[in-house]
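Heads up: the sequence shown is residues 5 to 321, going by my numbering. Idealized CB from N, CA, C, for every residue including glycine.
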Amino acid sequence: MTDLTTPPPDLRSLLKQGIHLLREAHIPSDTLAAELLLLHSIGRDRTWLYAHPEEIVPESVAQEFLRLIQCRIGGKPTQHLTGHQEFWGLDFEVTPDVLIPRPETEHLIEVALDRLAVREIRAGRPPKLTGDNVSVVDIGTGSGCVAIALAKELPAAQIYAIDISPDALAVAQRNANRLGFANRITSLQSNLFSAFSPLATPHSPILFDLVISNPPYIGRKEALSLPIEVREYEPSIALFGGEEGYELYGRLIPEAARHVKPRGLLVLELGHDSLPAVRPLLESPEWTNLLVTNDLAGIPRVLSAERTANSSNPSNA
Ligand SMILES: C[S@@+](CC[C@H](N)C(=O)[O-])C[C@H]1O[C@@H](n2cnc3c(N)ncnc32)[C@H](O)[C@@H]1O
Numbered sequence: 005m006t007d008l009t010t011p012p013p014d015l016r017s018l019l020k021q022g023i024h025l026l027r028e029a030h031i032p033s034d035t036l037a038a039e040l041l042l043l044h045s046i047g048r049d050r051t052w053l054y055a056h057p058e059e060i061v062p063e064s065v066a067q068e069f070l071r072l073i074q075c076r077i078g079g080k081p082t083q084h085l086t087g088h089q090e091f092w093g094l095d096f097e098v099t100p101d102v103l104i105p106r107p108e109t110e111h112l113i114e115v116a117l118d119r120l121a122v123r124e125i126r127a128g129r130p131p132k133l134t135g136d137n138v139s140v141v142d143i144g145t146g147s148g149c150v151a152i153a154l155a156k157e158l159p160a161a162q163i164y165a166i167d168i169s170p171d172a173l174a175v176a177q178r179n180a181n182r183l184g185f186a187n188r189i190t191s192l193q194s195n196l197f198s199a200f201s202p203l204a205t206p207h208s209p210i211l212f213d214l215v216i217s218n219p220p221y222i223g224r225k226e227a228l229s230l231p232i233e234v235r236e237y238e239p240s241i242a243l244f245g246g247e248e249g250y251e252l253y254g255r256l257i258p259e260a261a262r263h264v265k266p267r268g269l270l271v272l273e274l275g276h277d278s279l280p281a282v283r284p285l286l287e288s289p290e291w292t293n294l295l296v297t298n299d300l301a302g303i304p305r306v307l308s309a310e311r312t313a314n315s316s317n318p319s320n321a
């Protein structure tokens, strides 16, 4: 029977209720999460929501919103409930098969674009970047966010997106299709650079101008200290780099040295405490011009380096 004493909720009161429930459960970013879940439930954008706060919400929609709020309280990430995350101004599909793109990963794109521009200036060319004659490989592409952001910024670049997980690659391909970059990006299932080995010969190694990667960098020993929405909902293959966390860099950096052109670039995202273990791997004659870039929280987040001009690339054998 309909309860005549409770009027159907309007958008503003429903949003307030959602925020209150999340806040009581100590869910981080409660206001943003409630807003995103409400927008998802009503199928509208933020501008519409704030232009129509008095709009009455059908009971079924209100119930669905409150169900999503309860799922979020249970630990499920907001992005798994909405299926979306924004990155570099683009809307990415997100599923449990991929890491949810993080805002700090945008620093990776900024550093790569800055260093490519500096390379042009050093070569006596104007710094305008279209990506002409630039080849890029994104190792561990996940949702495809890094490869697709670079495809957007470097419209003429040749871009490869690599992941060991076929399920992640399927998401990356759907994102590339939906955002209109599918014809710009070649996706390959590969353990680091292994897919390129059969294509290379000792005299013609496969070489890139830019190797970029946000590799898994959390230590398994830290697993229990991770928030539930990370530990139980994001894929282990995307999170853990080994027992300590930095182990995959130990394979990635020597392989990258064999796949970066002389004066080409390697740009790596770092975990919050990775720098002391990772920097020494680049302090070798193969690399020069090391640069550490902090994120907005002051954490060393991006480590980048240039392949030396005179050291030869060993074969890909
Ligand atoms: C931290 S996630 C990064 C995803 C995405 N690039 C981003 O920044 O949001 C790391 C990705 O590396 C992939 N990966 C893990 N080990 C790999 C390996 N040995 N070779 C290639 N990809 C790997 C995982 O499947 C995952 O998609």
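#1: Roughly how many angstroms separate the alpha carbons of residue 89 and residue 40, rounded to a whole number?
#2: Candidates 270, 184, 266, 12: which alpha carbon is nearest residue 95's?
#3: Starting from residue 3, trace the alpha helix (DSSP H) both ways and give me its first and last residue.
#4: Whose CA, out of 312, 81, 57, lies closest to the CA of residue 37?
#5: In whole angstroms, give me the CA-to-CA distance for residue 34 and residue 27.
#6: With H, G and I counted as helix, E and B as strand and the rest as coil, what does DSSP make of residue 17?
#7: Looking at ligand 1, does it come within less than 7 Å of residue 145, judged from the CB to the closest heavy atom?
#8: Closer than 7 Å to a non-hydrogen atom of ligand 1 - does that hold for the CB of residue 179?
#9: Is it true that the CB of residue 72 sits closer than 8 Å to the CB of residue 85?
#10: From this set, 87, 271, 105, which residue's C-alpha is nearest residue 115's C-alpha?
#11: Please state the DSSP three-state secondary structure of residue 246.
#12: Ligand 1 and residue 242: does the residue's C-beta get closer than 7 Å to at least one heavy atom of that ligand?
#13: Entirely within the region 226-296 and at least 4 residues each: give me those alpha helix (DSSP H) ranges in chain order.
#14: Short check: CB of residue 279 to CB of residue 304, under 8 Å?
#15: According to the Cβ coordinates, are residue 379 and residue 140 closer than 8 Å?
#16: Do residue 219 and residue 164 count as a contact pair if the criterion is CB distance below 8 Å?
#17: With residue 30 as the anchor, note down where its alpha helix (DSSP H) starts and where it stops.
#18: What's the gap between the Cα of residue 117 and the Cα of residue 22?
#19: Over the uninterrupted alpha helix (DSSP H) stretch that includes residue 171, give me the two end residues.
#20: According to DSSP, is residue 200 part of a helix, a strand, or is it coil?
#21: For the region 55-69 against the region 143-157, are there 3 or more C-beta pairs whose distance is under 8 Å?
#22: Near residue 108, which residues of its chain fall below 7 Å by C-beta distance, leaving aside the five closest residues on each side in sequence?
#23: With distances taken Cα to Cα, identify the nearest neighbour of residue 160 among 166, 175, 134.
#24: Give me, in chain order, the residues of the same chain whose beta-carbon lies closer than 8 Å to that of residue 3; leave out the 5 immediate sequence neighbours on both sides.
#25: At the level of alpha carbons, what is the spacing between residue 198 and residue 309?
#26: Kindly provide the ranges of any beta strand (DSSP E) runs that are 3 or more residues long and lie completely inside the region 124-159, ordered along the chain.
#27: Would you say residue 258 lies against chain C (beta-carbon separation less than 8 Å)?
#28: Tell me the rounded alpha-carbon separation between residue 232 and residue 238.
Taking the geometry as given:
#1: Walking along the sequence shown from the start, residue 89 turns up at place 85. Walking along the sequence shown from the start, residue 40 turns up at place 36. Going from the Cα of residue 89 to the Cα of residue 40 covers about 10 Å.
#2: Indexing the sequence shown from 1 puts residue 95 at position 91. Nearest of 270, 184, 266, 12 to residue 95, Cα basis: 184.
#3: With the chain running from 5 to 321 in the structure shown, residue 3 is simply not present.
#4: Translated into positions along the sequence shown, residue 37 becomes position 33. In terms of CA proximity to residue 37, 81 leads the group 312, 81, 57.
#5: Residue mapping note: residue 34 aligns to position 30 of the sequence shown, counting from 1. Residue mapping note: residue 27 aligns to position 23 of the sequence shown, counting from 1. Each residue's alpha carbon lies about 6 Å from the other.
#6: Position 13 of the sequence shown holds residue 17. Note: residue 17 maps to helix in three-state DSSP.
#7: Position 141 of the sequence shown, counted from the start, is the residue given in the question as residue 145. It does: the Cβ of residue 145 is within 7 Å (strictly closer) of some heavy atom of ligand 1.
#8: The residue given as residue 179 occupies position 175 in the sequence shown. Answer for residue 179: no, Cβ out of range of ligand 1.
#9: Sequence index remark: in the sequence shown, residue 85 carries index 81 (1-based). Sequence index remark: in the sequence shown, residue 72 carries index 68 (1-based). Going by C-beta atoms, residue 85 is nearer than 8 Å to residue 72.
#10: Residue numbering aside, residue 115 sits at position 111 when the sequence shown is read from its first letter. Looking at the Cα atoms, 271 is the closest of the given residues.
#11: For this step, residue 246 is matched to residue 242 along the sequence shown. In the three-state reduction of the DSSP assignment, residue 246 falls in the strand class.
#12: Translated into positions along the sequence shown, residue 242 becomes position 238. The nearest non-hydrogen atom of ligand 1 is less than 7 Å from the C-beta of residue 242.
#13: As far as the region 226-296 is concerned, its whole alpha helix (DSSP H) runs of at least 4 residues are 232-235, 240-243, 251-261, 279-286.
#14: In the sequence shown, counting from the first residue as 1, residue 279 sits at position 275. In the sequence shown, counting from the first residue as 1, residue 304 sits at position 300. Yes, they are a contact pair.
#15: No statement about residue 379 is possible, as the shown extent of the chain runs from 5 to 321 and does not include it.
#16: For this step, residue 164 is matched to residue 160 along the sequence shown. For this step, residue 219 is matched to residue 215 along the sequence shown. No, the pair does not count as a contact, with Cβ atoms beyond the cut-off.
#17: Sequence index remark: in the sequence shown, residue 30 carries index 26 (1-based). Membership of residue 30 in any alpha helix (DSSP H) is not indicated, and neither H nor E is assigned to it by DSSP.
#18: Within the sequence shown, the letter at position 113 stands for residue 117. Within the sequence shown, the letter at position 18 stands for residue 22. Residue 117 and residue 22 have their C-alpha atoms some 40 Å from each other.
#19: Working through the sequence shown from its first residue, we reach residue 171 at position 167. Membership of residue 171 in the alpha helix (DSSP H) is indicated by the continuous run 170-183.
#20: Stepping through the sequence shown from its first residue, residue 200 is reached at position 196. Three-state DSSP puts residue 200 in a helix.
#21: Not touching, per the Cβ criterion.
#22: As a working note, residue 108 is residue 104 in the sequence shown. Here the set comprises 299, 305.
#23: Taking the sequence shown and counting its residues from 1, one reaches residue 160 at position 156. Comparing Cα positions, the closest option is 134.
#24: In the structure as shown, the chain starts at 5 and stops at 321, and residue 3 therefore has no counterpart that could be examined.
#25: Taking the sequence shown and counting its residues from 1, the one referred to as residue 198 is at position 194. Taking the sequence shown and counting its residues from 1, the one referred to as residue 309 is at position 305. Near 22 Å, if we compare the C-alpha coordinates of residue 309 and residue 198.
#26: Runs found: 139-143.
#27: Protein chain content of the structure displayed is limited to a single chain, and chain C is not contained in it.
#28: By 1-based counting over the sequence shown, the position of residue 232 is 228. By 1-based counting over the sequence shown, the position of residue 238 is 234. Rounded to whole angstroms, residue 232 and residue 238 show a C-alpha spacing of 9 Å.
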